[in-house]
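Trainee: Per this note's numbering, residue 243 is the first one in the sequence shown, and the count goes up by one each step.
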Amino acid sequence: MPLPMAHGTPGGPALRGGGDDQGLPPGRVPRLGVEPNMTDSTTPIPPAPTASPLLERVIVAGFGGQGIIFFGKLLAQAAMDQGLSVAYLPAYGPEVRGGRANCYVVISSDPILCPVVLRPDSLVVMNQLSWDYYARSLGPEGLAVLNATMVAGEALEPAQRVVRVPATQIATELGEVRATNMVMLGAYNHLRRIVPLDRLLEDLRAALGKSKAALFELNRAAISRGIEAVAGQ
């Protein structure tokens with residue numbers, strides 16, 4: 243189902259949501275009622291009070307028919323509607339089903355200079371072939387969310403985190419194996435806390451539109467089950 247996306251800015255596909263966060267410049271802060279000694283080199287200079295910047299680079303990978311592209315579009319749209327900068331770059335073969343499919347999503351509180359992800363902070367992997375292909379690209383402290391029904395994988399570096407979600411099994415229990423992607427999206431977003439759940443569900447409803455409104459509850463349930471699968475991790 244096509245998801246309406248904002249047009250990229252000139253010069254690249256990066257999308258900009260809300261305004262820039264600007265912290266105060268570092269400097270000397272005088273105590274109340276005391277004239278600061280500007281020549282005293284021992285006076286400590288406090289750090290600027292800035293919010294922690296967000297930069298999340300994720301590769302979502304699987305095969306055609308697993309809803310990889312819809313996963314990426316929905317995540318990108320929700321993040322953009324949350325006021326973040328977003329770049330979304332899908333790639334898939336000519337096969338309708340069975341061929342390799344993946345997408346890069348970059349989400350940042352600052353402008354994005356490059357939409358290509360070579361060293362992802364996170365991998366969301368739906369099948370074994372994709373894990374074998376992308377596992378070594380994961381950053382040294384990266385997160386891998388694996389569809390445990392179809393993927394057997396281990397962390398390749400000590401600080402990496404691997405979370406296994408039986409997503410295909412959960413979707414099958416819900417009566418629709420094609421909801422596997424929403425199980426994985428719920429799990430991933432809960433682990434990374436990229437966008438609030440209500441924002442994600444609002445954009446899901448909009449993406450389905452009136453023609454597929456009956457599928458909303460199924461997909462909402464799949465997202466919820468994905469969250470439950472990783473709760474406490």
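Glycine is no exception: its CB is placed at the ideal position from the N, C-alpha and C atoms.
It should be emphasised that the depicted structure is a prediction, and the values quoted were computed from it without experimental measurement.
1) Shortest alpha-carbon distance to Val-419 belongs to which of Asp-374, Thr-391 and Pro-400?
2) So Glu-298 is in the beta strand (DSSP E); what residue range does that whole segment cover?
3) For the structure I just gave you, are there three or more beta carbon pairs, one from the segment 463 to 475 and one from the segment 405 to 416, closer than 8 Å?
4) If you draw a straight line from the alpha carbon of Arg-403 to that of Cys-345, how long is it in whole angstroms?
5) On a CA-only basis, which of Leu-460, Ser-351 and Lys-315 is nearest Gly-325? Give me that one, please.
6) Using alpha carbons as the reference points, say which of Ile-436, Ala-455 and Ser-453 lies closest to Pro-295.
7) For Met-243, which three-state DSSP category applies?
8) By DSSP's criteria, Asn-389 is part of a beta bridge. Which residues make up the other side?
9) For Val-366, which residues from the same chain have a beta carbon less than 6 Å from its beta carbon, with the 5 sequence-adjacent residues on both sides left out?
10) Below 8 Å CB to CB, which residues in the same chain sit around Glu-396 once its five sequence neighbours on both sides are set aside?
11) By DSSP, does Ser-327 sit in helix, in strand, or in coil?
12) May I ask you to report which of helix, strand or coil DSSP gives Leu-416?
13) Go ahead and pull the three-state DSSP assignment for Ala-463.
14) What are the residues that DSSP puts in a beta bridge with Cys-345?
15) With three or more beta-carbon pairs closer than 8 Å as the criterion, would you say the segment 314 to 334 touches the segment 374 to 383?
16) Using 10 angstroms around the beta-carbon of Ala-471, count the other beta-carbons present and answer buried if the total reaches 16, otherwise exposed.
17) Helix, strand or coil: which one does DSSP assign to Ala-367?
18) Using only alpha-carbon positions, find the residue among Met-322, Ile-354, Val-358 and Pro-353 that is nearest to Ala-333.
19) When DSSP labels each residue in this structure, what does Ser-351 get in the three-state scheme?
20) Around the C-beta of Pro-353, are 16 or more other C-beta atoms found within 10 angstroms, so that it is buried, or is it exposed?
21) I want to check one thing, is the minimum distance from the CB of Lys-454 to the heavy atoms of the ligand NAD below 7 Å?
22) Would you kindly work out how many angstroms separate the C-alpha atoms of Thr-281 and Val-347, rounded to a whole number?
23) Would you give the residue range spanned by the alpha helix (DSSP H) that Gly-428 belongs to?
24) Considering Glu-383, what are the terminal residues of the alpha helix (DSSP H) in which it resides?
Mentor: From the atom records:
1) The residue with the shortest Cα to Cα distance from Val-419 is Thr-391.
2) 297 to 305
3) yes
4) 21 Å
5) Ser-351
6) Ile-436
7) Summary for Met-243: the model assigns pLDDT 44, below 50, so the residue's position carries little reliability; its value from the coordinates is reported in the next sentence. Residue state, collapsed to three classes: coil.
8) When beta bridges are read from the DSSP output, Asn-389 appears opposite Val-407.
9) Non-local beta-carbon contacts of Val-366 in its own chain, meaning distances under 6 Å to residues more than five positions away in sequence, involve Val-302, Val-387, Met-426 and Tyr-430 in chain order.
10) Val-404
11) strand
12) coil
13) helix
14) Answer is Val-302 and Pro-332.
15) In short, these stretches do not touch, since the Cβ pair count stays below three.
16) Classification of Ala-471: buried, given that the 10 Å Cβ count is 16 or more.
17) According to the sequence as given, residue 367 is Val; it is not Ala. Three-state result, Val-367: strand.
18) Val-358
19) coil
20) Exposed, since its Cβ has fewer than 16 Cβ neighbours within 10 Å.
21) Ligands are entirely absent from the displayed structure, and the ligand NAD is therefore not among its contents.
22) Here Thr-281 scores only 44 on pLDDT, less than 50, and its place in the model is too uncertain to base an answer on.
23) Per DSSP, Gly-428 is one residue of the alpha helix (DSSP H) stretching across 422 to 434.
24) No alpha helix (DSSP H) contains Glu-383, which DSSP labels as neither H nor E.
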